[in-house]
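Just so we're aligned: the first sequence equals residues 20 to 621 in the numbering used here.
C-beta atoms are modelled at their ideal positions from N, C-alpha and C, and glycine is treated no differently.
Working notes for the structure below.
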Amino acid sequence: MVRPGAACLKADQEFDLGIVAMAAGVTVHNEDVAAAFDEMGDLLAIQGQNPFRIRAYRRAAQVVRGLPRELAEMAGTEAYDALPGIGVDLAGKIGELIRTGNLRALLNLRRQVPGGLRELLDLPGLGPARVRALRQELGIKSCDDLRRALTAGRLQRVRGFGAVLQKRLRTALTERATRASPERLPLSAAAQYAEPLKAFLAGVAGVVRVEIAGSYRRGRETVGDLDVLISARRGSSPFEALKSYRDLRALTSQGTTKASGVLRNRLQVDFRVVQPESFGAALQYFTGSRDHNIRMRRRAQERGFKLSEYGLFRDSARVAGRTEEEVFAALGLPWIEPELREDRGEIEAAERHALPHLIKRSDLQGDLHVHTDASDGLEPLDKMMQAARRSGLRYFAVTDHAKYLGIVHGLDAERLARQIDAIDALNAAQNEIVVLKGAEVDILKDGSLALEDSVLARLDVVVIAIHSHFDLSEAMQTRRILRALERPFVSILAHPSARLIGERIGCAFDFEQVLAAAHARRCALEINSQPMRLDLDDVHIKAARDRGVLLSIASDAHSGAQFDFLDGGVRQARRGWAARQDVINTRPVRELRTLLRAARLN
DNA sequence: GCCGTTTTCGGCCCGACTGTTTTCAGTCG
20 MVRPGAACLK ADQEFDLGIV AMAAGVTVHN EDVAAAFDEM GDLLAIQGQN PFRIRAYRRA
80 AQVVRGLPRE LAEMAGTEAY DALPGIGVDL AGKIGELIRT GNLRALLNLR RQVPGGLREL
140 LDLPGLGPAR VRALRQELGI KSCDDLRRAL TAGRLQRVRG FGAVLQKRLR TALTERATRA
200 SPERLPLSAA AQYAEPLKAF LAGVAGVVRV EIAGSYRRGR ETVGDLDVLI SARRGSSPFE
260 ALKSYRDLRA LTSQGTTKAS GVLRNRLQVD FRVVQPESFG AALQYFTGSR DHNIRMRRRA
320 QERGFKLSEY GLFRDSARVA GRTEEEVFAA LGLPWIEPEL REDRGEIEAA ERHALPHLIK
380 RSDLQGDLHV HTDASDGLEP LDKMMQAARR SGLRYFAVTD HAKYLGIVHG LDAERLARQI
440 DAIDALNAAQ NEIVVLKGAE VDILKDGSLA LEDSVLARLD VVVIAIHSHF DLSEAMQTRR
500 ILRALERPFV SILAHPSARL IGERIGCAFD FEQVLAAAHA RRCALEINSQ PMRLDLDDVH
560 IKAARDRGVL LSIASDAHSG AQFDFLDGGV RQARRGWAAR QDVINTRPVR ELRTLLRAAR
620 LN
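Here it is in structure tokens:
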């Protein structure tokens, strides 16, 4: 199942979610379980419960979100219990949710804690303790209550709520009402601000080194903020220099080693200045992820060390910190690539010296999904060929859309035949790059393809994809894809989930079954590099790789400049643990042709 | 609530900054 965000349980409503879920007859998805656990964590926090118990719920939510398979398809509580961070109790709660669509513990908590209190937690400056104080002292149960109390000046009575905090809350409530709060940016969009910022800081007097850490460095598909790490000589003042930086809208807080600000695009930035002897430790720390860090610190502790952003210490003596490698080595681990640091098994793999050699952009020799102006691309074949060559590719496949209802300019059999002749002529006229003959063929609603097998037989590469009927039931969508995969000339399943980041959640289908079918017929799954697609996502790439299904990193370029998107596709592949040998377009063209022929079923 | 080559109880990552205090709790990452 690919669907990432299907909220079937109305987790923020006050009625019995079991009745709702069961009445609608819907499946309980992983995201529903994760949302229920997140809510448990929030409500327990507001109650002031044991922080470690709260963390257990949040950690469990995280683990569930990272699963490539649906919990509902797993063997039950015993299998749940085997998941990291999930013990007997939480396994039972997962089971209850899956079986009944219901969680009694959550319903009980909701009776004790008004739902509106949860939204208060999202306001900056409000954590569980202050939310609790607001409720106890003033009976505040929602953002609306808080707004009224602020207006009436009632907050002055509550200890801990001074003038500054009140002003902050007023601003936050206004922003919330006008929906001006920033959301996560696609990685590529964040890069447009992050890289110039980095270059600016690197040019400030006294600055020795600048790195952007956090989810940006881990290559997550979206970025919520930027963590900028600066190593500077004593006496230099990078924060002062920042005040003249055009893209910085405001510095919202500033200490001696730490500052925060907001960029013009509303992206939050946190700056930290560290000494060179701590830079590696700080880079490790601020790269995260949180779960990865917790594991690392625990590991340090078990070995009698203390790990912080300042270094690895035994008592008060620093034993490592200048470089990341040094810190990992002192903890008995090889350096771990940032993209892997999600606590998805990378520490265990590092211990066994079984980390993958992650793929690099320079490993790519070709691109197997490219459009020209024959369909919806912007540039003609020869221009695309020149751009592909400039991008260092040795081959690429022209995969214009096949004609079907809805896609303008799609090629019918006759135009495709003419394009095939043109490509043959182009290959005959030059030998700098090989142009492969292909098409992007729609998977129709019933799983049949938009072009006849007799036409597809002439092609080197047949890319199939879903561009319509995204909302079919999981069973129907699965049948649709499996049926398409039975067609004899299929090479690659493109952007398998059909999601658009921030716009459209992926189609629901049984990913395990699709993997099995793809594996059986040696069809590759695409990692589409378009910034809004990045489809497959990291979790499913890893699942495909673990299953031995080959991948194709493709630009889906619609113009020559878009071959640059391949960088993002490689990034995504790395997050899914992909190595060079997992990706078909790292192969020389001759070897690639062998692989493509092997996928044919005739 | 989880977890275990210091184990079935007693730990659980760690520090900066802010605002509100007169020494620190709460929040945040």
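Practice prompt. Name the two residues that bound the continuous beta strand (DSSP E) containing F332.
Written response: G330 to R333
Worksheet item: Can you name, in chain order, every residue of its own chain whose Cβ lies under 6 Å from the Cβ of L62, other than the five neighbours on each side?
Response: L128 and V132
Worksheet item: Can you tell me the Cα-Cα spacing of S487 and P515, whole angstroms?
Response: 12 Å
Worksheet entry | Proximal residues to F56 (C-beta, below 6 Å), its chain only, five neighbours per side dropped | Y76, A79 and A80
Worksheet item: Within this structure, are the beta carbons of L377 and E356 separated by less than 8 Å?
Response: yes
Discussion item. Here's the rule I'm using: 16 or more other beta-carbon atoms within 10 Å means buried, otherwise exposed. How should L620 be labelled?
Written reply: exposed
Worksheet item: Considering only C-alpha positions, which residue in the set S207, A210, R176 and L169 is nearest to T190?
Response: L169
Discussion item. Report the CB separation of L282 from L261 in whole angstroms; it is logged as a contact under 8 Å.
Written reply: With 8 Å as the limit, L282 and L261 do not qualify as a contact, their Cβ atoms being about 11 Å apart.
Worksheet item: How about W596: is its Cβ closer than 7 Å to a heavy atom in the ligand ZN?
Response: Within the structure as shown, the ligand ZN is missing, as the structure has no ligands at all.
Discussion item. Taking 8 Å as the cut-off, does the region 214-233 touch the region 180-195 (at least 3 CB pairs, one atom from each stretch)?
Written reply: no
Worksheet item: Can you check whether the CB of R341 is closer than 8 Å to the CB of G280?
Response: no
Item to complete: Please classify A43: does DSSP put it in a helix, a strand, or coil?
Response: Its pLDDT being 43, under 50, A43 is placed unreliably by the model, and nothing is read from it.
Discussion item. Just to confirm the assignment, what range does the alpha helix (DSSP H) spanning C347 have?
Written reply: Note that residue 347 is Phe in the sequence shown, not Cys. E343 to A349 is the extent of the alpha helix (DSSP H) around F347.
Worksheet item: From S410 to A617, what distance separates their C-alpha atoms?
Response: 28 Å
Worksheet entry | Coil, strand or helix - D601 by DSSP | helix
Item to complete: Please name the residue in D465, G158 and G60 whose C-alpha comes closest to that of R137.
Response: G60
Worksheet entry | CA nearest to the CA of F528, picked from T46, E493 and S297 | E493
Worksheet entry | Straight-line gap, H372 to A152 (C-alpha atoms, nearest Å) | 50 Å
Practice prompt. Grab the span of the beta strand (DSSP E) containing E230 for me, first residue to last.
Written response: V226 to I231
Worksheet item: So what's G135 in DSSP terms, helix, strand or just coil?
Response: helix
Item to complete: Can you give me the Cβ contacts of A110 inside the same chain, cut-off strictly under 7 Å, excluding the 5 residues immediately before and after it?
Response: T96, Y99 and D100
Worksheet item: Just reading off the beta strand (DSSP E) that G525 is part of, what are its end residues?
Response: From DSSP, G525 is part of no beta strand (DSSP E); its letter is neither H nor E.
Practice prompt. For my contact list, F290 and F258 are in at a C-beta cut-off of 8 Å; report their separation, rounded to the angstrom.
Written response: 7 Å
Worksheet item: Any chance the region 447-458 sits against the region 494-508, with 3 or more Cβ pairs inside 8 Å?
Response: no
Worksheet entry | When D246, R314 and Y235 are compared against E358, the one with the closest alpha-carbon | Y235
Worksheet item: Mind checking S548: buried by the 16 CB within 10 Å criterion, or exposed?
Response: buried
Worksheet item: What is the C-beta distance between I572 and L302, in whole angstroms, given that I count them as a contact (C-beta under 8 Å)?
Response: 27 Å between Cβ atoms; not a contact.
Worksheet entry | Exposure of F71, with buried meaning 16 or more beta-carbon neighbours within 10 Å | exposed
Discussion item. Using only CA atoms, which one of H559, S467 and T271 lies nearest to L504?
Written reply: S467
Discussion item. To test your reading of the DSSP string, which unbroken beta strand (DSSP E) runs of 3 or more residues are found completely within the region 228-283?
Written reply: 244-251, 267-273 and 277-282
Discussion item. Would V608 and Y414 qualify as a contact pair, given that the criterion is a beta-carbon distance under 8 Å?
Written reply: yes
Practice prompt. Would you decide whether D163 is buried or exposed? Buried here means 16 or more other CB atoms lie within 10 Å of its CB.
Written response: exposed
Worksheet item: In chain order, which continuous runs of the beta strand (DSSP E) of length 3 or greater are located wholly inside the region 508-570?
Response: 543-547
Fill in: Which of helix, strand or coil DSSP assigns to E459
strand
Worksheet entry | Cross-strand partners of A339 (DSSP beta bridge) | L331
Practice prompt. Please classify L377: does DSSP put it in a helix, a strand, or coil?
Written response: strand
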